[in-house]
Amino acid sequence: MNGKGGVRDIIFSQYLDDPRQKYMAFDGRWKYIYCQTNAVEELYDLKKDPHELRNLIAEGEERGQADRLQKEIIRFCAESGDTTMLDGDKLKRSEFDVDVHCRFHAESLGWRWY
Numbered sequence: 078m079n080g081k082g083g084v085r086d087i088i089f090s091q092y093l094d095d096p097r098q099k100y101m102a103f104d105g106r107w108k109y110i111y112c113q114t115n116a117v118e119e120l121y122d123l124k125k126d127p128h129e130l131r132n133l134i135a136e137g138e139e140r141g142q143a144d145r146l147q148k149e150i151i152r153f154c155a156e157s158g159d160t161t162m163l164d165g166d167k168l169k170r171s172e173f174d175v176d177v178h179c180r181f182h183a184e185s186l187g188w189r190w191y
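The sequence shown begins at 78 in our numbering and counts up one residue at a time.
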């Protein structure tokens with residue numbers, strides 16, 4: 078989505094692959110992050126919180142901003158062909174049992190991952 082003078086209104090970033098993808102959308106003030114694993118969301122108002130210390134999703138204060146940026150991620154994925162992040166017209170969710178995963182690593186590898 079281009080704004081005035083070819084400057085993007087929203088910047089997107091993607092990290093990892095299915096089933097652990099993460100997407101970020103940033104509009105110059107609001108930063109929304111969606112993690113496919115367990116559908117974890119984060120939302121930061123970088124005007125008031127430039128160091129991202131207060132996740133507004135956890136407090137439910139700005140759900141409208143999160144919904145708006147989530148829709149932009151869905152649109153971006155559909156237009157760019159990244160259908161691995163989509164489940165119909167929604168963002169995909171993959172289940173991940175953190176307790177089982179951590180227990181497996183602790184029992185098989187010790188506290189180090191290597």
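In this text, a Cβ means the ideal position worked out from N, Cα and C, and glycines have one as well.
Note that the structure is predicted; figures quoted are calculated from it, not measured.
Query: Under 8 angstroms between C-beta atoms of L120 and Q142; Result: yes
Query: Same chain, Cβ closer than 7 angstroms to Y191, five either side skipped, listed in chain order; Result: Confidence at Y191 is low in this model, with a pLDDT of 44, below 50, so its placement is unreliable and the value that follows should be read with caution. The answer is none, since no qualifying residue turns up.
Query: D95 to L163 span [Cα, whole Å]; Result: 10 angstroms
Query: Where M78 falls, given that 16 or more other Cβ within 10 Å makes a residue buried; Result: Since pLDDT at M78 reaches only 46, below the 50 mark, its modelled position is unreliable, and the value read off the structure follows with that caveat. Counting Cβ neighbours within 10 Å, M78 comes out exposed, since fewer than 16 surround it.
Query: Runs of alpha helix (DSSP H) lying entirely within the segment 98-126, each at least 4 residues, in chain order; Result: none
Query: Beta-bridge partners of Q91, as assigned by DSSP; Result: Y100
Query: Rounded separation between Q91 and K125 - CA only; Result: 24 angstroms
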